Structure formats: structure tokens, C-alpha cells
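Student: Numbering (my numbering), first residue to last: 128 to 184.
Idealized CB from N, CA, C, for every residue including glycine.
As the structure is a prediction and not an experimental result, all values here were calculated from the model.
There's a structure below that I have some questions on.
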């Protein structure tokens, strides 16, 4: 948690508003369903595209 707090403090330096995300210990890790595995290899990107109306400028 010390490393996460230090990272947050470093990121905060260039921001006007405070970062308010809670830093908490991670819970159990669950492997994603098969459909979600190797998404980038199957779709050519690391994320799902947002619908046009949901994008921010």
C-alpha cells in the first residue's frame, strides 16, 4: 500500500482536483471466462470501443 500511496501522490502533482480513489488490498483474483481471453489477439485492440455518444472530447 505504501507504493500505491506514493504513486498516487506523484500523479496528484499535476492535477487541480484531489485523487479520491480508495487504495485497498486486492481481493481474490478470478480468471475471466474463455470469451474474454486473448481479446487483443482476436480483435486487434486492447479494449472494446465505446459507442460514439459515450466518448468525451
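#1: Do residue 150 and residue 128 have their beta-carbon atoms positioned less than 7 angstroms apart in this structure?
#2: Straight-line CA distance for residue 136 to residue 144?
#3: So, with DSSP's three-state summary, where would you put residue 160?
#4: Rounded to a whole number of angstroms, what is the C-alpha to C-alpha distance between residue 131 and residue 156?
Tutor: Let's see:
#1: yes
#2: 12 angstroms
#3: coil
#4: 18 angstroms
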